[in-house]
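Read left to right, the sequence shown gives residues 1 to 478 (the UniProt record's numbering). Beta carbons are placed, not taken as given, at the ideal position from N, Cα and C, and that holds for glycine. As the structure is a prediction and not an experimental result, all values here were calculated from the model. Data block below; observations after.
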Amino acid sequence: MSTATVAAVDLGAASGRVMLASVSPDGVALEEVRRFDNGPVRLLDTLHWDALRLYSEVLAGLRTAVARHPDLASVGIDSWAVDYGLLDRDGALLGNPVHYRDARTDGVMETVVAKLGAEWLYATTGLQLLPFNTLFQLAAAADTPAVAAAERMLLIPDLLSYWLTGVAGTEVTNASTTQLLDVRTREWSSELVSRAGLPARLLGDLRRPGDPAGVVRDLDVPVTAVGSHDTASAVVAVPARGERFAYISCGTWSLVGVELPEPVLSEASRAANFTNEAGADGTVRYLRNVMGLWVLQESMRGWGTGDLGKLLAAAAEEPALGALVDVDDPVFLPPGDMPARIAAACAASGQPVPQSPAGFTRCIVDSLALAHRRAVRQACALSGRDVDAVHVVGGGARNALLCQLTADACGLPVVAGPVEATGLGNALVQARALGVLHGGLDDLRALLRRSQELRTYRPTRGAEAAWRAAEARVHPSR
Ligand code: LRH
């Protein structure tokens, strides 16, 4: 086979997409066949995902894909990390999956970490502490009837795959975000599961990107496991040459780091809260979660505006590096009035409070670029990896202001694109499993450089000193 058409299903926290990808050794072309909204649904006091609606949207998208391409060779599914559905012994869903921004995990991480020991947990899992890691979600739910009745936990892409095919499996890149995998063996850590008091029966067999994962019953099309963690698929599609690069998978979150052959488990790495997530082909995604464009998206929701372009144009006219906040402060994690939280942070640190959406937007974009600088520099220092460029992939690659400020803040060129990195990484792994492509990540990336439009932002000469001073303002002790 020299060309294949595959479907890449990519579910993000704000929207989902079904894409068709036509892949050959000469290049890859993506076509969106269906896009739909996603987001939290509050039922009484709990934030949920609408899993059945996501399933029907995905199936409708796949039907359209097959109608357009009856020779559709494979389907791959990725989504955001950590969230899951629980199945009973008949395979029935026990309650709607809960959203990772839900408050049920408030305080749970602290209790679990106190019990297990932060050092031991990092040595075992290599994962950054985020309050919503599956470990803490399961600990929060441990005494519920749903967990008592559950026989299997499936992460969101695996859950959709199960509903499409009837075959249950757990893909390893996403499993690595649960904080239940052993960072060295990339198998479930039975010691951790038992010390945390969680039922081991919930954790099933693991599969790896490229493995077969059943057949879509209604359409008779095979499913192929991909990097089912969206960030893992996005990193596959970072169009870098060699290894001297940092990446920012920039969307709702900014996932900022480097790609490594082995995990970094040093005390300094733990203290800086860096994570060692599993990437495709046995790589390590050594990165930290930066709060990302969520802070702006949630502000825009509050202002009732959807016109990002206009807001960014106005923000570009605002004074640079005025008010700055630490976007990674957990106060910005939950949904709710974001400008009020930013205003409170500015006031508490004795800075002028932004007075308009443009002012807030400038504060957010500057603060995000500053967080990018900090994470890129720490990733390099902690891993010993030198980099020549920062690749920005995902929706944030469209944000010229953020890309330029990130280049200035990091003092490095930013190569922006592809915007649809996740869908592309998903499709390329499928095409390789089908035998249309060959080789390692380097080969897949070379193909992207040939076929995707990229834009380079050079750092403004002399800008770095101002960013160094800005970092000292926001993180005075470091
Ligand atoms: C980005 C992402 C990120 C996770 C978060 C929950 O979509 O998968 O890598 O940390 O969602």
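Cut-off 8 Å between Cβ atoms - residues of its own chain near residue i, not counting five sequence neighbours on either side
{"i": "residue 475", "result": "326, 374"}
{"i": "residue 3", "result": "22, 23, 24, 436"}
{"i": "residue 187", "result": "181, 206"}
{"i": "residue 525", "result": "There is no way to answer for residue 525, as the model of the chain reaches only from 1 to 478."}
{"i": "residue 194", "result": "200"}
{"i": "residue 124", "result": "182, 183, 189, 191, 192"}
Where the alpha helix (DSSP H) containing residue i begins and where it ends
{"i": "residue 158", "result": "156 to 165"}
{"i": "residue 201", "result": "From DSSP, residue 201 is part of no alpha helix (DSSP H); its letter is neither H nor E."}
{"i": "residue 372", "result": "357 to 383"}
{"i": "residue 100", "result": "Per DSSP, residue 100 belongs to no alpha helix (DSSP H) and is neither H nor E."}
{"i": "residue 61", "result": "51 to 68"}
{"i": "residue 74", "result": "Note, residue 74: premise wrong, no alpha helix (DSSP H); beta strand (DSSP E) at 74 to 79."}
{"i": "residue 477", "result": "No alpha helix (DSSP H) holds residue 477; DSSP gives it neither H nor E."}
{"i": "residue 416", "result": "Segment 414 to 416 is the beta strand (DSSP E) holding residue 416; no alpha helix (DSSP H) there."}
{"i": "residue 213", "result": "No alpha helix (DSSP H) contains residue 213, which is instead part of the beta strand (DSSP E) from 212 to 216."}
{"i": "residue 193", "result": "190 to 195"}
Separation of residue j from residue i, as counted between CA atoms
{"i": "residue 260", "j": "residue 283", "result": "6 Å"}
{"i": "residue 236", "j": "residue 279", "result": "8 Å"}
{"i": "residue 180", "j": "residue 113", "result": "13 Å"}
{"i": "residue 442", "j": "residue 242", "result": "7 Å"}
{"i": "residue 255", "j": "residue 287", "result": "6 Å"}
{"i": "residue 298", "j": "residue 14", "result": "11 Å"}
{"i": "residue 84", "j": "residue 97", "result": "6 Å"}
{"i": "residue 198", "j": "residue 229", "result": "23 Å"}
{"i": "residue 145", "j": "residue 57", "result": "29 Å"}
{"i": "residue 330", "j": "residue 93", "result": "31 Å"}
{"i": "residue 128", "j": "residue 238", "result": "22 Å"}
{"i": "residue 185", "j": "residue 413", "result": "36 Å"}
{"i": "residue 337", "j": "residue 295", "result": "10 Å"}
{"i": "residue 456", "j": "residue 318", "result": "23 Å"}
{"i": "residue 104", "j": "residue 428", "result": "37 Å"}
{"i": "residue 449", "j": "residue 418", "result": "10 Å"}
{"i": "residue 208", "j": "residue 466", "result": "44 Å"}
{"i": "residue 289", "j": "residue 178", "result": "14 Å"}
{"i": "residue 416", "j": "residue 115", "result": "43 Å"}
{"i": "residue 48", "j": "residue 158", "result": "17 Å"}
{"i": "residue 371", "j": "residue 70", "result": "46 Å"}
{"i": "residue 189", "j": "residue 132", "result": "19 Å"}
Neighbourhood of residue i by C-beta distance below 7 Å, restricted to the same chain and skipping five residues each side
{"i": "residue 366", "result": "320, 321, 324, 405"}
{"i": "residue 32", "result": "17, 19"}
{"i": "residue 38", "result": "11, 12, 13, 14, 15, 16, 54"}
{"i": "residue 62", "result": "7, 18, 75, 216, 219"}
{"i": "residue 162", "result": "154, 168"}
{"i": "residue 66", "result": "72, 219, 221"}
{"i": "residue 196", "result": "112, 116, 135, 139"}
{"i": "residue 89", "result": "151"}
Proximal residues to residue i (C-beta, below 6 Å), its chain only, five neighbours per side dropped
{"i": "residue 126", "result": "183, 263, 265, 276"}
{"i": "residue 269", "result": "382"}
{"i": "residue 464", "result": "411"}
{"i": "residue 141", "result": "147"}
{"i": "residue 214", "result": "165, 167, 223"}
{"i": "residue 401", "result": "312, 316, 365"}
{"i": "residue 408", "result": "459, 460, 463"}
{"i": "residue 489", "result": "The chain is shown from 1 up to 478; residue 489 falls before or after that span and cannot be answered."}
{"i": "residue 258", "result": "246, 286, 379, 383, 385"}
Short CB-CB distance (under 8 Å) between residue i and chain D
{"i": "residue 12", "result": "In the structure shown, chain D does not exist; there is a single protein chain."}
Where the beta strand (DSSP E) containing residue i begins and where it ends
{"i": "residue 36", "result": "27 to 37"}
{"i": "residue 228", "result": "It is not in any beta strand (DSSP E) - residue 228 carries neither H nor E in the DSSP assignment."}
{"i": "residue 24", "result": "15 to 24"}
{"i": "residue 245", "result": "245 to 250"}
{"i": "residue 10", "result": "4 to 11"}
{"i": "residue 222", "result": "221 to 224"}
{"i": "residue 276", "result": "275 to 278"}
{"i": "residue 289", "result": "284 to 290"}
{"i": "residue 343", "result": "Element bounds for residue 343: not the beta strand (DSSP E) but the alpha helix (DSSP H), 338 to 348."}
Residue i and residue j closer than 8 Å at C-beta
{"i": "residue 53", "j": "residue 333", "result": "no"}
{"i": "residue 422", "j": "residue 78", "result": "yes"}
{"i": "residue 252", "j": "residue 204", "result": "no"}
{"i": "residue 352", "j": "residue 346", "result": "yes"}
{"i": "residue 272", "j": "residue 137", "result": "no"}
{"i": "residue 221", "j": "residue 451", "result": "no"}
{"i": "residue 34", "j": "residue 51", "result": "no"}
{"i": "residue 426", "j": "residue 226", "result": "yes"}
{"i": "residue 28", "j": "residue 424", "result": "yes"}
{"i": "residue 150", "j": "residue 72", "result": "no"}
{"i": "residue 438", "j": "residue 432", "result": "yes"}
{"i": "residue 240", "j": "residue 394", "result": "no"}
Proximity test, residue i beta-carbon vs ligand 2 heavy atom, cut-off 7 Å
{"i": "residue 183", "result": "No copy of ligand 2 appears in this structure; the ligands present are ligand 1."}
Beta-carbon distances below 7 Å to any heavy atom of ligand 1 define the shell here; list its residues in chain order, please.
12, 13, 80, 81, 82, 100, 130, 132, 177, 229, 230, 231, 251, 252, 253, 255, 289
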